[in-house]
Amino acid sequence: MSPRLPSHVHIIGAGLAGLAAAVRLMAAGVSVTVYESAPRAGGRCRSYHDPVLDCVIDNGNHLMLSGNHAIMAYVKAIGAEDRLAGPRDAAFPFVDAASGARWSLRPGNGVIPWWLFDPARRVPGTTAWQYLSVARVMRAGIGDTMAACVGASGALYRNFWEPLTVAVLNTAPSEAAAGLMGPVLRETFLKGAAACRPLVARESLAATLVDPAVTTLTRAGARFRFGTRIRALTLSDTRVTALDADGVSVPVSDSDSVIMAAPAWIGETLLPGLAAPPPGEPIVNVHYRLPSPVTAPGDVRLVGVVGGMAQWVFARGDIASVTISAASDLADTPAEEIIARCWSDVALALELSDSTVPPARVVKEKRATFAQTPAAAKLRPGCRTRFANLLLAGDWTDTRLPATIEGAVRSGFTAADEVLKPSAAKAA
Ligand SMILES: Cc1cc2nc3c(=O)[nH]c(=O)nc-3n(C[C@H](O)[C@H](O)[C@H](O)COP(=O)(O)OP(=O)(O)OC[C@H]3O[C@@H](n4cnc5c(N)ncnc54)[C@H](O)[C@@H]3O)c2cc1C
Numbered sequence: 002m003s004p005r006l007p008s009h010v011h012i013i014g015a016g017l018a019g020l021a022a023a024v025r026l027m028a029a030g031v032s033v034t035v036y037e038s039a040p041r042a043g044g045r046c047r048s049y050h051d052p053v054l055d056c057v058i059d060n061g062n063h064l065m066l067s068g069n070h071a072i073m074a075y076v077k078a079i080g081a082e083d084r085l086a087g088p089r090d091a092a093f094p095f096v097d098a099a100s101g102a103r104w105s106l107r108p109g110n111g112v113i114p115w116w117l118f119d120p121a122r123r124v125p126g127t128t129a130w131q132y133l134s135v136a137r138v139m140r141a142g143i144g145d146t147m148a149a150c151v152g153a154s155g156a157l158y159r160n161f162w163e164p165l166t167v168a169v170l171n172t173a174p175s176e177a178a179a180g181l182m183g184p185v186l187r188e189t190f191l192k193g194a195a196a197c198r199p200l201v202a203r204e205s206l207a208a209t210l211v212d213p214a215v216t217t218l219t220r221a222g223a224r225f226r227f228g229t230r231i232r233a234l235t236l237s238d239t240r241v242t243a244l245d246a247d248g249v250s251v252p253v254s255d256s257d258s259v260i261m262a263a264p265a266w267i268g269e270t271l272l273p274g275l276a277a278p279p280p281g282e283p284i285v286n287v288h289y290r291l292p293s294p295v296t297a298p299g300d301v302r303l304v305g306v307v308g309g310m311a312q313w314v315f316a317r318g319d320i321a322s323v324t325i326s327a328a329s330d331l332a333d334t335p336a337e338e339i340i341a342r343c344w345s346d347v348a349l350a351l352e353l354s355d356s357t358v359p360p361a362r363v364v365k366e367k368r369a370t371f372a373q374t375p376a377a378a379k380l381r382p383g384c385r386t387r388f389a390n391l392l393l394a395g396d397w398t399d400t401r402l403p404a405t406i407e408g409a410v411r412s413g414f415t416a417a418d419e420v421l422k423p424s425a426a427k428a429a
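The sequence shown begins at 2 in the working numbering and counts up by one.
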């Protein structure tokens with residue numbers, strides 16, 4: 002190992018940001034210890050056996066896109082490229098729960114969006130010229146909301162901008178920061194079909210994004226301390242000198258670094274004075290165990306629903322899962338009511354004839370993302386801190402991206418790259 006590299010890196014949090022940082026550091030020959038307060042890795046992107054459904058479910062559907070280059074690099078590094086699944090083509094089928102109308106948004110190849118001139122590929126009732134609102138989103142200032150850029154009515158708003166904004170930013174367009182949508186459009190939809198093919202975990206989030214990382218890292222010598230909460234950092238004027246790991250002091254030597262990849266609300270407690278964006282709205286998922294598997298090309302079916310309670314329906318094997326983002330108004334709604342009301346959307350989206358509601362589980366993630374509003378986005382801290390050997394990672398740090406897997410992985414890579422810079426190690 003180069004003498005300029007840190008001797009050891011302590012990573013707080015085994016969500017995707019922490020795992021991505023560990024993967025990059027271990028590949029560069031730096032040893033790491035990952036402290037995770039939960040008994041397993043994954044954080045907000047996890048899977049577990051559900052006793053009601055008697056199968057493994059994810060905490061929530063996680064949609065990725067083929068243009069998410071950090072995710073692609075991450076799955077390659079952990080040998081899990083073949084564990085992503087999705088339709089062969091970039092196609093986003095929708096159904097209107099009110100009218101029953103169906104359409105499919107199908108971006109074409111190439112960066113010039115000629116496909117918009119084909120009515121069969123765009124949202125019905127819209128003209129190609131209305132999509133110029135994309136340009137207003139791309140030019141959005143830091144204080145602009147999505148509604149200020151794209152309006153708040155009309156077919157394009159109801160059937161494209163509103164579902165896209167709620168799905169990507171977990172915030173209604175009237176509140177959502179347009180500045181966070183621009184990079185997503187630039188890196189996916191504006192690059193053409195090859196960059197916006199929808200992808201999900203083939204089997205489960207754990208089997209695709211988490212377990213292969215833990216296995217790869219453990220084999221390479223990384224140490225995982227699951228069930229260990231970092232309760233405090235001991236700080237000198239310029240450095241972290243120790244970690245309080247559940248009451249046990251872990252010294253951080255002058256040549257060590259610390260990457261704090263815990264969520265924003267934990268970061269604020271560990272690093273007094275840190276300004277971080279507040280939590281945003283909950284995301285609710287409903288998982289139904291169907292009597293028989295849904296077959297679909299590419300092993301997974303994804304249908305957007307407008308005008309219903311469900312927003313997206315994912316079908317993978319015999320599990321149909323509904324996502325409802327920006328779901329503050331469902332926080333206190335009983336699970337049975339959500340299950341019953343969403344089922345008609347699922348049956349419509351997947352064209353199921355059986356009206357019997359199958360066994361189901363509701364998962365409410367109250368702190369799913371930070372509040373992705375212009376005001377909150379301004380509070381995102383950068384990776385470096387005033388402590389020379391302390392770096393921040395996590396989807397809430399200033400990645401310029403929304404709170405997504407791509408943002409989390411990129412933040413972990415960035416923190417690792419900062420640690421690997423000679424200047425980070427030498428400041429003692
Ligand atoms: C229901 C839901 C649906 C989502 N859908 C999508 C989607 O479709 N597409 C998409 O790209 N993204 C989606 N996301 C967002 C995505 O899951 C997150 O952006 C990503 O998982 C965040 O990773 P992270 O590593 O930054 O944070 P986290 O996953 O929160 O990881 C932080 C880790 O730190 C640990 N920790 C906390 N405190 C301590 C401590 N004191 N000591 C040690 N460890 C600690 C936590 O247990 C956790 O494991 C969704 C999120 C949710 C909840």
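Even for Gly, the Cβ is constructed at its ideal location relative to N, Cα and C.
Checklist line | Span separating the alpha-carbon of LEU275 from that of ILE260 | finding: Walking along the sequence shown from the start, residue 275 turns up at place 274. Walking along the sequence shown from the start, residue 260 turns up at place 259. Distance between the alpha carbons of LEU275 and ILE260 is about 15 Å.
Next item on the list: Assuming LEU380 contacts ALA277 (C-beta within less than 8 Å), just tell me the rounded distance between them.
Entry: On the sequence shown, position 379 is the one that residue 380 refers to. On the sequence shown, position 276 is the one that residue 277 refers to. Yes, they are in contact, since the Cβ atoms of LEU380 and ALA277 sit about 6 Å apart, within 8 Å.
Check: Do LEU54 and ARG411 have their C-beta atoms within less than 7 Å of each other?
Finding: Position 53 of the sequence shown, counting from 1, holds the residue named residue 54. Position 410 of the sequence shown, counting from 1, holds the residue named residue 411. Their beta carbons are not under 7 Å apart, which means LEU54 does not touch ARG411 by this criterion.
Check: What does a CB cutoff of less than 6 Å around ILE79 pick up in its chain, not counting 5 residues either side in sequence?
Finding: The residue labelled residue 79 in the question sits at position 78 within the sequence shown. Counting only Cβ-Cβ distances below 6 Å, and skipping sequence neighbours, we find PRO213, ALA214 and THR217.
Next item on the list: Along the beta strand (DSSP E) that carries ILE113, what are the first and last residues, could you check?
Entry: Position 112 of the sequence shown, counted from the start, is the residue given in the question as residue 113. That residue, ILE113, is in no beta strand (DSSP E); it is neither H nor E in DSSP.
Notebook entry, point to check: Closer than 6 Å: is that where the CB of CYS343 sits relative to any heavy atom of ligand 1?
Noted result: In the sequence shown, the residue the question calls residue 343 occupies position 342. No, Cβ of CYS343 sits at least 6 Å from all heavy atoms of ligand 1.
Note to self: Less than 6 Å separating the Cβ of SER38 from some heavy atom of ligand 1?
What the structure shows: Residue 38 sits at position 37 when you count from the first residue of the sequence shown. Checking the Cβ of SER38 against ligand 1 gives yes.
Notebook entry, point to check: Buried or exposed: where does PRO273 fall if 16 or more other Cβ atoms within 10 Å of its Cβ makes it buried?
Noted result: Here residue 273 is taken as the residue at index 272 of the sequence shown, counted from 1. With fewer than 16 Cβ atoms within 10 Å of its Cβ, PRO273 is classed as exposed.
Margin query: Do ALA223 and ALA23 count as a contact pair if the criterion is CB distance below 7 Å?
Written below: The residue labelled residue 23 in the question sits at position 22 within the sequence shown. The residue labelled residue 223 in the question sits at position 222 within the sequence shown. In contact: ALA23 and ALA223 (Cβ atoms closer than 7 Å).
Notebook entry, point to check: To the nearest angstrom, how far is it from the Cα of LEU66 to the Cα of SER237?
Noted result: Within the sequence shown, residue 66 is the residue found at index 65, counting from 1. Within the sequence shown, residue 237 is the residue found at index 236, counting from 1. So the two alpha carbons sit approximately 43 Å from each other.
Checklist line | Proximity test, CYS46 beta-carbon vs ligand 1 heavy atom, cut-off 6 Å | finding: The residue you call residue 46 lines up with position 45 of the sequence shown. The answer is yes for CYS46.
Notebook entry, point to check: What are the uninterrupted segments assigned as beta strand (DSSP E) that are 3 or more residues long and contained completely in the region 340-382, given in chain order?
Noted result: 361-366
Notebook entry, point to check: Whole beta strand (DSSP E) runs in the region 221-262 with 3 or more residues, listed along the chain?
Noted result: 224-227, 231-236, 241-246, 249-252 and 257-261
Notebook entry, point to check: Is the region 164-173 touching the region 129-142 in the sense that three or more CB pairs, one from each, lie closer than 8 Å?
Noted result: no
Checklist line | Check: ILE320 C-beta below 6 Å from any heavy atom of ligand 1 | finding: Along the sequence shown, one-based indexing puts residue 320 at 319. No, the beta carbon of ILE320 sits no closer than 6 Å to any heavy atom of ligand 1.
Note to self: Considering just the uninterrupted stretch of the beta strand (DSSP E) at GLU37, what are its terminal residues?
What the structure shows: Counting from 1 along the sequence shown, the entry for residue 37 is found at position 36. First-last of the beta strand (DSSP E) with GLU37: 32-37.
Next item on the list: Identify, in the order they occur along the chain, each residue of the same chain with its Cβ nearer than 8 Å to the Cβ of ARG290, setting aside the five sequence neighbours on each side.
Entry: For this step, residue 290 is matched to residue 289 along the sequence shown. The residues are LEU54, ASP55, CYS56, ASP319, ILE320, PRO359, PRO360 and ALA361.
Notebook entry, point to check: From GLY43, GLY14 and LEU6, pick the residue whose C-alpha is nearest to that of MET27; which is it?
Noted result: Counted from its first residue, the sequence shown places residue 27 at position 26. Of GLY43, GLY14 and LEU6, the residue nearest in Cα terms is LEU6.
Check: In the DSSP assignment, what are the bridge partners of GLY1?
Finding: The chain is shown from 2 up to 429; residue 1 falls before or after that span and cannot be answered.
Item checked: Three-state class that DSSP yields for ILE325 in the structure shown -> As a position in the sequence shown, residue 325 is number 324, starting the count at 1. Strand at ILE325.
Next item on the list: Within the same chain, show all residues whose beta-carbon is closer than 7 Å to that of TRP162, passing over the 5 residues directly before and after it, in chain order.
Entry: For the purposes of this step, residue 162 is taken as residue 161 along the sequence shown, with counting starting at 1. Counting only Cβ-Cβ distances below 7 Å, and skipping sequence neighbours, we find MET147, VAL151 and PRO174.
Next item on the list: Give me the Cα-Cα distance between PHE225 and ARG103, rounded to the nearest whole angstrom.
Entry: By 1-based counting over the sequence shown, the position of residue 225 is 224. By 1-based counting over the sequence shown, the position of residue 103 is 102. Taking the straight line from one Cα to the other gives about 48 Å.
Next item on the list: Classify GLY383 as buried or exposed, calling it buried when 16 or more other Cβ atoms lie within 10 Å of its own Cβ.
Entry: To locate residue 383, count along the sequence shown from 1; it is residue 382. The residue in question, GLY383, is exposed, as its Cβ has fewer than 16 Cβ neighbours within 10 Å.
Notebook entry, point to check: Where PRO164 and LEU393 are concerned, what is the direct C-alpha to C-alpha distance, given to the nearest angstrom?
Noted result: Residue mapping note: residue 164 aligns to position 163 of the sequence shown, counting from 1. Residue mapping note: residue 393 aligns to position 392 of the sequence shown, counting from 1. In a straight line, the C-alpha of PRO164 is about 31 Å away from that of LEU393.
Item checked: Limits of the unbroken alpha helix (DSSP H) element including HIS70 -> As a position in the sequence shown, residue 70 is number 69, starting the count at 1. Note, HIS70: alpha helix (DSSP H), 70-78.
Checklist line | Candidates ALA341, THR334 and THR209, of which the one nearest ILE58 by Cα | finding: As a position in the sequence shown, residue 58 is number 57, starting the count at 1. If we check each option's Cα against that of ILE58, THR209 comes out closest.
Notebook entry, point to check: Whole-angstrom Cβ separation of THR235 and ALA243, contact assumed at under 8 Å?
Noted result: Counting from 1 along the sequence shown, the entry for residue 235 is found at position 234. Counting from 1 along the sequence shown, the entry for residue 243 is found at position 242. With a Cβ gap of about 4 Å, THR235 and ALA243 count as contacting.
Note to self: What does the alpha-carbon distance come out to for the pair LYS192 and LEU421?
What the structure shows: Taking the sequence shown and counting its residues from 1, one reaches residue 192 at position 191. Taking the sequence shown and counting its residues from 1, one reaches residue 421 at position 420. Going from the Cα of LYS192 to the Cα of LEU421 covers about 31 Å.
Margin query: Between GLU188 and ligand 1, is there a pair consisting of the residue's CB and a ligand heavy atom that are separated by less than 6 Å?
Written below: Working through the sequence shown from its first residue, we reach residue 188 at position 187. No - ligand 1 has no heavy atom lying nearer than 6 Å to the Cβ of GLU188.
Check: Hey, would you say PHE371 sits closer than 7 Å to GLY248, going by beta carbons?
Finding: Numbered from its first residue, the sequence shown carries residue 371 at position 370. Numbered from its first residue, the sequence shown carries residue 248 at position 247. Cβ distance not < 7 Å, so PHE371 and GLY248 don't count as in contact.
Checklist line | Span of the alpha helix (DSSP H) around ASP418 | finding: Position 417 of the sequence shown, counting from 1, holds the residue named residue 418. ASP418 -> alpha helix (DSSP H) spans 406-421.
Checklist line | Whole-angstrom C-beta distance between SER32 and HIS63, which should lie under 8 Å | finding: Residue mapping note: residue 63 aligns to position 62 of the sequence shown, counting from 1. Residue mapping note: residue 32 aligns to position 31 of the sequence shown, counting from 1. With 8 Å as the limit, HIS63 and SER32 do not qualify as a contact, their Cβ atoms being about 30 Å apart.
Next item on the list: Identify whether SER67 lies in helix, strand or coil by the three-state DSSP scheme.
Entry: Counting from 1 along the sequence shown, the entry for residue 67 is found at position 66. In the structure shown, SER67 sits in coil (DSSP, three-state: anything other than H, G, I, E or B).
Next item on the list: Tell whether a beta-carbon distance below 7 Å holds between THR189 and TYR36.
Entry: Taking the sequence shown and counting its residues from 1, the one referred to as residue 189 is at position 188. Taking the sequence shown and counting its residues from 1, the one referred to as residue 36 is at position 35. Not in contact: THR189 and TYR36 (Cβ atoms no closer than 7 Å).
Check: Is it the case that the CB of THR455 approaches a heavy atom of ligand 1 more closely than 6 Å?
Finding: Limits of the chain in this structure are 2 at one end and 429 at the other, which puts residue 455 out of reach.
Margin query: By the DSSP assignment, the alpha helix (DSSP H) with SER205 in it spans what residues?
Written below: Counting from one through the sequence shown, the residue named residue 205 turns up at place 204. Unbroken run through SER205: none, as it is neither H nor E.
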